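Notes follow the structure.
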């Protein structure tokens with residue numbers, strides 16, 4: 073496992089993974105994925121993995 077990924081996993085906090093190299097592991101059960109724009113994997117502190125949509129509110133784009 074990549075040393076940076078190992079360090080992040082040891083933090084025991086929720087993490088959001090966006091576009092990653094599929095050769096890296098996120099945790100023991102899940103590999104990273106090359107995801108389309110706006111998609112991500114939310115990995116909870118307990119290891120649960122959930123697909124999420126990520127975007128910017130329209131009000132932020134107008135500023």
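Residue numbers (our numbering): 73 to 135.
We treat Cβ as the ideally placed atom computed from N, Cα and C, and that holds for glycine.
All values reported here derive from a predicted model rather than from experimental measurement.
{"Query": "Please state whether DSSP places residue 95 in a helix, a strand or coil.", "Result": "coil"}
{"Query": "Taking the alpha carbon of residue 128 as the point to measure from, which residue in 115, 111, 106 and 118 has its own alpha carbon closest?", "Result": "111"}
{"Query": "Taking 6 Å as the limit between beta carbons, can you name the residues of its chain near residue 107, skipping five residues before and five after?", "Result": "91"}
{"Query": "Compute the Euclidean distance between the alpha carbons of residue 74 and residue 121, then round it to the nearest angstrom.", "Result": "19 Å"}
{"Query": "Given the structure, does residue 88 come close to the ligand SAH, in the sense that its CB is under 6 Å from one of the ligand's heavy atoms?", "Result": "This structure lacks the ligand SAH, and indeed carries no ligand of any kind."}
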